[in-house]
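Comments concern the structure below.
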Amino acid sequence: MLIYPAIDLYEGKAVRLYKGNYAEMTVYSDNPIEIARDFEASGATHIHMVDLEGAKSGTTPNFDTVCYIKNNTSLFVEIGGGVRSMDVIDKYISAGVDRVILGTAAVTSDGFVEAAVDKYGEKIAVGIDIKDGFVAIKGWTEKSELDAFAFAEKMQKIGVKTLICTDISKDGAMQGTNHELYRELSEKFSMQIIASGGVSSIGDVKKLRERNLYGAIIGKAYYTGAVNIKEAVEVAK
27 MLIYPAIDLY
37 EGKAVRLYKG
47 NYAEMTVYSD
57 NPIEIARDFE
67 ASGATHIHMV
77 DLEGAKSGTT
87 PNFDTVCYIK
97 NNTSLFVEIG
107 GGVRSMDVID
117 KYISAGVDRV
127 ILGTAAVTSD
137 GFVEAAVDKY
147 GEKIAVGIDI
157 KDGFVAIKGW
167 TEKSELDAFA
177 FAEKMQKIGV
187 KTLICTDISK
197 DGAMQGTNHE
207 LYRELSEKFS
217 MQIIASGGVS
227 SIGDVKKLRE
237 RNLYGAIIGK
247 AYYTGAVNIK
257 EAVEVAK
C-alpha cells in the first residue's frame, strides 16, 4: 500500500480544514515545499495535493506552488481541487503533474470524465467525497443526490482506474477512519482505492493495508505529530 502524505493549499500556504469547513482552517506552513521535502526525506514516494481555493472557484490559484513541488522533488504528484475543464487538466499534465483528480465536475458534467480518461488514461483519478452516503461537491459545500456506491460503479464502467474516497465526517477529526466503508469499496470494485479522511494512527494504516487498499492519504495526523510518515511508509509495505 502506498502512503500519500497530503498538502492542502490555500493562498500558497499548507493548511488543514476541520470536516471540510473553510471557517475552521489551520495554517501549518507558509512554505509547502519544505513539507514536501520532509515527506520525501521520510521515504514517501507520492504526495496528494488539493487546491482548496480552486475547489470553491474552479480555478488554479495555487498552480505555481504545485509545479514548484513537482519540479523540486522526486515525488509522484497528484492534484485535485477545481479541476472542471479539459484546459485545467491539460495545464497540469503539461506541467508534469502525474495525476489529476476530478471531483465536482465528475458529478456535474456528463461526458467530462469519459473525455478525460480517453485522453489521459491512468493520469486521471476521481475523488468521491461522501456525506451521509451521498456524493458531496463544490469543496464539500453541497451534497448531491448521487448515491456514493452507484457513482463509484459508474466511474469503474467509464474506465477510471483510481478512486480517492473521503468520508467527510471523519476528515480532520482525528477519530480514526471509516474501515467499513473501505472494506465495502475494496470488495465491490476493482479500481485502485485510496482511503482519505480520518487516517489518524499507525493502527489505521495497518488495518487499511490488511484490506489490500492501494493507498492511504495522511493529512492532519502528520501535522499534529500523531503519525510519523517514515513509520507509516514502513508499515504500509
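Numbering of the sequence shown is given in the working numbering, commencing with residue 27 and proceeding in unit increments.
For every residue, glycine included, the Cβ atom is placed at its ideal position computed from N, Cα and C.
These numbers come from a predicted model, not from an experiment.
Exposure of residue i, with buried meaning 16 or more beta-carbon neighbours within 10 Å
i, result
"K232", "exposed"
"A25", "Because the chain here runs from 27 to 263, residue 25 falls outside it and cannot be looked at."
"S222", "buried"
"T71", "exposed"
"N97", "exposed"
"T91", "buried"
"N238", "exposed"
"K246", "buried"
"V41", "buried"
"A141", "exposed"
"T130", "buried"
"D56", "exposed"
"D136", "exposed"
9 Å Cβ cutoff met for residue i and residue j
i, j, result
"Q182", "F138", "no"
"V103", "A32", "no"
"T210", "F177", "First, the amino acid is wrong: residue 210 is Glu here, not Thr. Cβ distance not < 9 Å, so E210 and F177 don't count as in contact."
"S226", "V259", "no"
"P58", "L43", "no"
"K82", "Y48", "yes"
"V126", "V114", "yes"
"T188", "I150", "yes"
"H74", "Y30", "yes"
"G108", "T85", "yes"
"M27", "Y208", "no"
"G46", "D155", "yes"
"V143", "I190", "no"
As assigned by DSSP and simplified to three states, the class of residue i
i, result
"Y94", "helix"
"A199", "With a pLDDT of 49 at A199, under the threshold of 50, the predicted position of this residue should be treated as unreliable, though the coordinate-derived value follows. Here A199 sits in coil by DSSP."
"G80", "helix"
"V139", "helix"
"Y240", "coil"
"V53", "strand"
"A39", "The sequence given here has Lys at residue 39, not Ala. Strand at K39."
"T125", "The question names Thr, but residue 125 in the sequence shown is Arg. It is a strand residue."
"P58", "helix"
"V259", "helix"
"V161", "strand"
"V114", "helix"
DSSP bridge partner residues for residue i (one or two, in chain order)
i, result
"T192", "D155, S222"
"A300", "Residue 300 lies beyond the stretch modelled for the chain, which goes from 27 to 263, so this question has no answer here."
"F102", "H72"
"D173", "F160"
Min CB distance residue i to chain D below 9 Å
i, result
"G69", "This model lacks chain D altogether; it includes just one protein chain."
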